[in-house]
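Residue numbers (full-length UniProt numbering), protein chains in the order written: chain A, 1 to 357; chain B, 1 to 357.
Cβ coordinates follow ideal geometry from the N, Cα and C atoms, glycine included.
Here's the structure we're looking at; comments come further down.
2 protein chains.
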Amino acid sequence: MEVLTLSTYWSELTTSLEPYVPGEQPKDRTYIKLNTNENPYPPSPKALEAIREAAGADLRLYPDPSCDALRETIAAYYGFAKEQVFVGNGSDEILAFAFPAFFSANRKILFPDITYSFYPVYAQLYGIPYETVPTDEQFRIDPKTYAVENGGVILPNPNAPTARFLLVNGIKEILEANKEQVVIVDEAYIDFGGESVAPLIAEYPNLLVVQTLSKSRSLAGLRVGMALGHPDLIEGLNRIKNSFNSYTLDRLALAGAVAAIEDRDYFEETNRKVVATRDRTTAALRELGFEVIDSLANFVFVTHPQKEARELFALLKERGILVRYFNKPRIDRYLRVSIGTDEEMDALLDVLRDISV
Amino acid sequence: MEVLTLSTYWSELTTSLEPYVPGEQPKDRTYIKLNTNENPYPPSPKALEAIREAAGADLRLYPDPSCDALRETIAAYYGFAKEQVFVGNGSDEILAFAFPAFFSANRKILFPDITYSFYPVYAQLYGIPYETVPTDEQFRIDPKTYAVENGGVILPNPNAPTARFLLVNGIKEILEANKEQVVIVDEAYIDFGGESVAPLIAEYPNLLVVQTLSKSRSLAGLRVGMALGHPDLIEGLNRIKNSFNSYTLDRLALAGAVAAIEDRDYFEETNRKVVATRDRTTAALRELGFEVIDSLANFVFVTHPQKEARELFALLKERGILVRYFNKPRIDRYLRVSIGTDEEMDALLDVLRDISV
């Protein structure tokens, strides 16, 4: 933690917070950026065209606060009703609404010990107590460990930063054991090979599935996420949102997101490329002596038996390649490496060979 | 209040909320929209061009989470340092961060009885108690009434929906009486003739000034607001923001906002037009027998001694003109009418004459 200046004007809450720290976005030089899980391919040309068309006189007008066109597009794409769809300013905003919408100060929620590091930050922001559930030595989530008294469950699938994927039956087991409270499955990385549990929302009114256009639709810069769930859960999110900010998606984001969702061919083609590069990179890293967890995400989580992750991180950065290192218990020997283009991954592999890993 | 479906999955907070209701955005027919204080003129052509240029491959990358370029542009424009500037996804988001950043559950905050109706919603969302301070019979704010024990003050200047403006000395008096807590001056409508208190941030470390690009820069559809204040207050906002969503402004909003701020000539020209139309409309409405509060905003707040506001609202809507009617104590005989183009205001005046007001 950095040393903090305190202010007498801050609320107790503000003083107590330890905010989330996103992956670095350095401006000192050009890096091969494999540190924030961005997609190496540009967004759908149709999305870019839709944005340029929306950049006109109508920007003087507020956007549609209910985001109907985008919600209808998502509903049609996935075979749901509009009332089962919520959209937000990135999936992070949706999670920031979901915590106060469904979790309370009087009951502990559960999430894995190794997971997206924003979860404890949301819990702290809203005063929601939590307990982390240990993953096993291979970072696997055991559904049975979620069959305990709790006030809600949240977990990413695939998990971040481990890339571990829990099969649909495992999620079902967690849903069955937690019918009285909300289970949020954060599927930010689902489109790179995993099977979504979104179809289960018809069966489980306690299931909220959160996805994003940041990764698989190459739109991290546009800030659009979506949630799928029973209309009651969607209405819960709406109640928080409409007590916070009526218009969280601007007209350009709405227009671009509609076109991106509709361009299924482009989406499938770029995802195929990312998956192929990931699998090739996984094999090459293993040849170099890395242990690589099987990934269904657009990143790999790797460790080397002889090399310190922190040193590898620094050496790679020196050579112009940014990856993510987490100085945290249990994962401080690992690096999270986003999947770039084939050329970018070859550059990574070349540097690793060169520094004789 | 509509009848609400409740869900067992909602938190107590969710169940208790009465969300803000924005002005209607009907899709049934084309209206002359004078109900949500949008600017009748398009955004700066330079802002639109900047957005179109930003609609490229880089949208695959996250935006700058610290929004440095935009904060530097705003700082340079107003003569402040970047550390005195915060930007958010509309000024509503900034207010939604400011409430938990500076106000607490253990002390009542103050705001006027007639004011922006989102304030009590924020207070409810964060469990912050509040007391409303009566405006006088002409809706004027008396600074002396804010010299009482409180945990913070927030007020719009010009006030909404009354359009009443409090002179800089009045705000100073409130600041002097409240040096131990934060005073937020919400200047959403400041650019239409009022004098901003932004220069006072150097003198008053307890002053936060909030502005928006939605009204005077014709960018309601882009969602960009700004706050100006002592670096400690800006850091307080950052701590809440970074516990909520690291990237609330997308790349297009950042690019468009920079260009809009830099295009001072266009900004001043459109504001002059709005002000001229407002003053002409005010005179014409008075000729028709309306009482019109002197306005330094891009709307007027009007009442007619013989006509019910609710009926006028309905008659105007029938004739294709949308204005805002608030069914609330003290203001239920008033209409808030946004300033459109001269042609739109002439159409309004024609209808009013026609229905023999």
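N-terminal and C-terminal residue of the alpha helix (DSSP H) that residue i is part of
i	result
G236/B	231-241
T212/A	Where T212/A is concerned, there is no enclosing alpha helix (DSSP H), although the beta strand (DSSP E) it sits in stretches over 207-212.
Y204/B	Careful: Y204/B lies outside any alpha helix (DSSP H) and carries neither H nor E.
D92/A	91-102
Y78/B	68-78
I190/B	Element bounds for I190/B: n/a, residue is neither H nor E.
R217/A	From DSSP, R217/A is part of no alpha helix (DSSP H); its letter is neither H nor E.
R353/B	342-354
L254/B	251-262
A50/B	45-54
Beta-carbon spacing of residue i, residue j below 8 Å
i	j	result
Q25/A	Y62/B	yes
S117/B	F102/A	no
L219/B	L228/B	no
L34/A	V323/A	yes
I293/A	R107/A	no
V337/A	F299/A	yes
L114/A	T145/A	Checking the displayed sequence, the identity of residue 114/A turns out to be Ile instead of Leu. It is not a contact, given that the beta carbons lie outside the stated cut-off.
P40/B	T341/B	yes
F301/B	T132/B	no
Y122/B	A96/B	yes
L17/A	R239/B	yes
Residue i: first and last residue of the uninterrupted beta strand (DSSP E) it sits in
i	result
S117/A	No beta strand (DSSP E) contains S117/A, which DSSP labels as neither H nor E.
T15/A	No beta strand (DSSP E) contains T15/A, which is instead part of the alpha helix (DSSP H) from 12-16.
Y334/B	334-338
F301/A	299-303
F86/A	85-88
Neighbour flag for residue i against chain A, beta carbons, 8 Å
i	result
D342/B	no
E245/B	Note on residue identity: the sequence assigns Asn, not Glu, to residue 245/B. Chain A, which has a Cβ nearer than 8 Å to the Cβ of N245/B, makes this yes.
E149/B	no
D28/B	no
R264/B	no
Q84/B	no
residue 360/B	What the structure shows of chain B is the stretch from 1 to 357, and residue 360/B is not part of that stretch, so it cannot be assessed.
A160/B	no
E2/B	Because E2/B carries a pLDDT of 45, less than 50, the predicted location of this residue cannot be relied on, and the following value inherits that uncertainty. Closer than 8 Å: no.
R175/B	Looking at the sequence shown, residue 175/B is not Arg but Leu. It does not: the Cβ of L175/B has no partner Cβ on chain A nearer than 8 Å.
T36/B	yes
R251/B	yes
G56/B	yes
P329/B	no
Y146/B	no
L167/B	no
Nearest candidate by alpha-carbon position, reference residue i, set the options
i	options	result
L335/A	L6/A, I109/A, G23/A, R223/A	G23/A
A98/A	E53/B, D186/B, N245/B	N245/B
Y77/A	V258/A, A347/A, A309/A	V258/A
F111/B	V185/B, K82/B, A105/B	V185/B
D279/B	I339/B, R29/B, I74/B	I339/B
residue 421/B	G193/B, T30/B, V209/B	Outside the shown range of chain B, which is 1 to 357, sits residue 421/B, and nothing can be said about it.
V148/B	Q124/B, I174/B, P129/B	I174/B
A255/B	I32/B, K273/B, S16/B, A47/B	A47/B
G56/A	A57/B, R52/B, G56/B	R52/B
V21/A	L166/A, T36/A, D28/A, L70/A	T36/A
L312/A	T282/A, R330/A, L352/A, A347/A	L352/A
A160/B	F326/B, D354/B, I128/B	F326/B
S356/B	L285/B, G320/B, D332/B, A297/B	L285/B
S216/B	D28/B, I261/B, R60/B	I261/B
Q124/B	I94/B, P100/B, Q138/B, A297/B	P100/B
A69/B	A309/B, E176/B, A253/B	A253/B
Proximity test, Cβ basis, 8 Å: residue i and chain B
i	result
L228/A	no
L13/A	yes
V337/A	no
F103/A	yes
P112/A	no
I154/A	no
P63/A	yes
I234/A	no
L207/A	no
Test: residue i CB closer than 8 Å to a CB of chain E
i	result
V300/B	Looking at the structure shown, chain E is missing, and the protein chains on hand are A and B.
**Request:** List in chain order: all unbroken alpha helix (DSSP H) runs of 4+ residues lying wholly within the segment 110-184 of chain A.
**Result:** 119-126, 168-176
**Item:** Whole runs of the alpha helix (DSSP H) within the segment 272-318 of chain B, excluding any shorter than 4 residues
**Value:** 309-318
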